[in-house]
Amino acid sequence: LGEIGMCLWESGQHARAIVETRSSLRKFEVLSDLKGRAKQLCRLGVMLYERGQIGDPLTLLNSSLSLYEMIGDRTGQADVMRNIGRVYEAQGDWSHALYMLAKAMLIHRELGARRQEAIDMRYIGVIICQQGSQQEGLSILFNAAEMLKSARADGEFARTQRLIDEMTGGGETMH
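According to our numbering, the stretch in the sequence shown is residues 12 to 186, in order.
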């Protein structure tokens, strides 16, 4: 239950994915499944954010975060915090974005989720660069890349390396 929306989303059928995810959310509500509801609220928030909406995604993501907090799911909390940080970044609200991303990173660190911690770091590094602190931001990005490389997260490492290349004109690489 709830996976059809993601399959539709990944196949580019975004409108149908949103409809299906809302339907799954209603089913989890009927079942009183808090974790299922939290997951669908997060997915729906991310889908709407990726479609260019801002307000609704924050409401959905905050509802998801509340449910994950209620059931004590730290991984879920951290993942939603990252997504909330991304929405704040899109709004240009860098202080709230950094706050949420730092909280997500600390939880991922506590849980030993190094790949997830490094992804949070990458988002933080990008924001710090956007704020004009290029050297500090790049240092964070290099640390994130090193963590991703050691975690053998090849796709995420490559994504981070591309960001570094874009920000340095291709002059700074990590192999």
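Glycine included, every Cβ here is placed at the ideal spot set by N, Cα and C. Keep in mind it's a predicted model, so treat the numbers as computed, not measured.
| Query | Result |
| --- | --- |
| Please classify Met158: is it buried, with 16 or more other beta-carbons within 10 angstroms of its beta-carbon, or exposed? | buried |
| Is the Cβ-Cβ distance between Ile15 and Leu45 less than 8 Å? | no |
| Just to check my reading of the structure: Asp131 and His119 have Cβ atoms closer than 8 Å, yes? What is that Cβ distance to the nearest angstrom? | 6 Å |
| Is DSSP giving Ala115 helix, strand or coil here? | helix |
| Counting Cβ pairs, one atom from each stretch, are 3 or more of them under 8 Å apart for the stretch 126-143 and the stretch 85-95? | yes |
| Quick check for students: name the residue ranges of the alpha helix (DSSP H) that lie wholly in the stretch 124-161, counting only runs of 4 or more. | 125-141 and 145-161 |
| Give the straight-line distance between the Cα atoms of Ala28 and Ser75, rounded to the nearest whole angstrom. | 18 Å |
| Taking only the alpha-carbon atoms, compute the straight-line gap between Ser106 and Leu174 and give it to the nearest angstrom. | 21 Å |
| Count the other C-beta atoms from every protein chain shown that fall within 10 angstroms of the C-beta of Gly180, then say buried if there are 16 or more, exposed otherwise. | exposed |
| In the structure shown, what three-state DSSP assignment does Arg191 receive? | Nothing about residue 191 can be reported from this structure: the residues present for the chain run from 12 to 186 only. |
| Helix, strand or coil: which one does DSSP assign to Ser195? | Given a span of 12 to 186 for the chain in the structure shown, any question on residue 195 remains unanswerable. |
| Measuring CA to CA, which of Leu59, Cys53, Val57 and Cys18 is closest to Gln88? | Cys53 |
| Do Leu36 and Arg48 have their C-beta atoms closer together than 8 Å? | yes |
| Does DSSP classify Ser43 as helix, strand or coil? | coil |
| Could you tell me the distance, in whole angstroms, from the CA atom of His134 to the CA atom of Ser22? | The sequence given here places Tyr at residue 134; His does not occur at that position. Near 25 Å, if we compare the C-alpha coordinates of Ser22 and Tyr134. |
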